[in-house]
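In the working numbering, the protein residues as written are 1 to 180.
Even glycine gets a Cβ: it sits at the ideal position worked out from N, Cα and C.
Reading through the structure tokens given below for one structure.
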């Protein structure tokens, strides 16, 4: 792993212009810094990394309208300071990741559960996140969680998330913790 951060800049002033290219070329344990901008891509985080944006009003991962915007499959991923939007699921997590200071908004799950966040067989922790204006035509507009142990939300805010069933939260054989 490197002590020098890998820089992503959509304008070409970094090591990579896309987040996925930086992840693909990173080594487990690397620190990836994403400069301000809108990154039109769906991202798979499949190795332990720190992925840090330049603030939720400045750094946006805008999905391609065809699936999950950010999929996290590796344990101990740190995702911070991003706005995640424009997907059928904002963030899908099947690992013990840590997400802090993120905004997950304006995702629409059609034919599936969890417009904002989908969690399966893992226990991610969310700190100071805003989950707003997500929709599911089935269950859990904000969060769908299945199979223990489930997510923990610390000082998170949920606003105007909707679903046809299960409102903001949908739990299937799992627990969800909220701490303020």
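State buried or exposed for residue i, treating a residue as buried only when at least 16 other CB atoms are found within 10 Å of its CB.
| i | result |
| --- | --- |
| residue 160 | exposed |
| residue 12 | exposed |
| residue 53 | buried |
| residue 110 | exposed |
| residue 57 | exposed |
| residue 145 | buried |
| residue 103 | buried |
| residue 97 | buried |
| residue 65 | exposed |
| residue 40 | exposed |
| residue 3 | exposed |
Pull the bridge partners of residue i from the DSSP assignment, please.
| i | result |
| --- | --- |
| residue 8 | 16 and 34 |
| residue 154 | 127 and 179 |
| residue 105 | 132 |
| residue 146 | 120 and 172 |
| residue 22 | DSSP, once it has assigned bridges, lists no residue as partnering residue 22. |
| residue 163 | 136 |
| residue 40 | 62 |
So which of the options has the shortest CA-CA distance to residue i?
| i | options | result |
| --- | --- | --- |
| residue 136 | 67, 55 and 35 | 67 |
| residue 179 | 171, 126 and 145 | 126 |
| residue 48 | 14, 8 and 32 | 32 |
| residue 154 | 23, 177 and 50 | 177 |
| residue 37 | 44, 19 and 50 | 19 |
| residue 170 | 124, 106, 158 and 138 | 138 |
| residue 30 | 63, 46 and 134 | 46 |
| residue 34 | 42, 64 and 80 | 80 |
| residue 21 | 51, 129 and 112 | 51 |
| residue 25 | 89, 5 and 175 | 5 |
| residue 87 | 62, 133, 123 and 122 | 62 |
| residue 116 | 162, 40 and 43 | 162 |
| residue 165 | 114, 41 and 55 | 114 |
| residue 100 | 16, 23, 15 and 157 | 157 |
| residue 147 | 131, 129 and 172 | 172 |
To the nearest whole angstrom, what separates the beta carbons of residue i and residue j, a pair I think is in contact under 8 Å?
| i | j | result |
| --- | --- | --- |
| residue 142 | residue 168 | 4 Å |
| residue 93 | residue 72 | 5 Å |
| residue 140 | residue 175 | Incorrect: roughly 14 Å between the Cβ atoms, too far for contact. |
Complete alpha helix (DSSP H) runs within the region 46-101 (minimum length 4 residues, chain order)
none
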